[in-house]
Structures are given as C-alpha cells and as structure tokens.
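Q: Pasting in a structure now, in structure tokens, and then I'll have a few things to ask.
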Amino acid sequence: MVQTDPNCIFCRIVAGTIPCHKVYEDDHVLAFLDIGPLSRGHTLVIPKGHWATLEQVSDEAGAAIGRVLPRLARAVLNATGAKEWNLLQNNGRAAHQVVDHVHFHIIPKIGDTGLGLDWPAGKLAGENAKALLNAMRQQL
Ligand code: AMP
Ligand code: ZN
266 MVQTDPNCIF
276 CRIVAGTIPC
286 HKVYEDDHVL
296 AFLDIGPLSR
306 GHTLVIPKGH
316 WATLEQVSDE
326 AGAAIGRVLP
336 RLARAVLNAT
346 GAKEWNLLQN
356 NGRAAHQVVD
366 HVHFHIIPKI
376 GDTGLGLDWP
386 AGKLAGENAK
396 ALLNAMRQQL
C-alpha cells in the first residue's frame, strides 16, 4: 500500500476522483497531460505514492519513474514532432513548486513555446569544491 494524502490533488488524480488526460500508468507511476501546458505535449510524471519532494521518495518509486521517463519522453517527442525538450522537477515554493506531490515535467521545446530559463552561473572554486565534496560524501 502506498501512502496518500486525501487533500492532495495529484493523489486524487491517482485515486480517480479527479479526472486527468492519462498518458501512461503502471503499478508505481502515472503520467498525464499538464492542465496548463507550456507547450504541446507537456506531460507530468508522478509516483502513485504521496511524497512532497523528490529527496523523500523511496528508492523503489524513484527507480520506477527513472525506468519509464525515457520511454515517455520518446512518446511525447514522436507524437508532437518536437526534437528538443526539458525535464523539470521543482522542489519547494522558492523553487517554483506549486503542487506538493512529486512530479516531473516533460516539456517539449517547440518554436518559442516550452520552458524559459534564467541560468545565473557562478564559478566553482577548487577549495570550496573539496569541502563541499567531503560534506556531501559523508551524507551518502
Ligand atoms: P509545479 O510548479 O512544478 O508544482 O507544477 C505543477 C503543475 O501541475 C503545473 O504545471 C500545473 O499546470 C499542473 N496541474 C495542476 N493541477 C493539475 C491538474 N488537475 N491536472 C493536470 N495538471 C495540473
Ligand atoms: Zn499526493
């Protein structure tokens, strides 16, 4: 049994109490068209279980999503004729997450439509990288 949240709109879609345009479903994963698409074919891929953000997801659910993402992307590309696309996954309000149930956006880039991005790149300094790597490796 997966965990669900009765107040969560995506859990309700999984339960079938709110309709969706279903693209794909298996035991762990559901994919459906985004109701506010950035481009034609914009698709959401979600675990059936409720987790708010990606770092909380079980290994099993994460693996199930990873297994089908390339296939779903191929279907979106082949159906729309798009050749380029973005995978977007937002976690937390400041990171533009609105629905608190983990979801991956498959967003075709078609002409001017699709994802727009600001990319304010900094510079990685060697000494900072070393300390950061140590801290991160200790957490794995
Ligand atoms: P995010 O900002 O990453 O949380 O994105 C949430 C996405 O969910 C937005 O792109 C919405 O258009 C989409 N969305 C919200 N409600 C629904 C719904 N009932 N069916 C399909 N997509 C939805
Ligand atoms: Zn949910």
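Residue 266 is where the sequence shown starts when you use this note's numbering, and the numbers rise one by one after that.
Ideal Cβ placement from N, Cα and C applies to all residues, glycine included.
Since we're looking at a predicted model, the values are computed, not measured.
(1) Among Q354, A329, V322, whose alpha-carbon lies nearest the alpha-carbon of Y289?
(2) By the 10 Å Cβ neighbour count, where 16 or more other Cβ atoms means buried, how is V363 classified, buried or exposed?
(3) Kindly provide the chain-ordered list of residues whose Cβ lies closer than 6 Å to any non-hydrogen atom of the ligand ZN.
(4) Following the continuous beta strand (DSSP E) through L295, name the residue where it begins and the one where it ends.
(5) According to DSSP, N351 sits in a beta bridge with which residue or residues?
(6) If you reduce the DSSP assignment to three classes, tell me which class K287 lands in.
(7) In whole angstroms, what is the alpha-carbon distance linking L389 and R402?
A: Reading it off the structure:
(1) A329
(2) exposed
(3) D270, C273, F275, C276, H315, H366
(4) 294-298
(5) I372
(6) strand
(7) 18 Å
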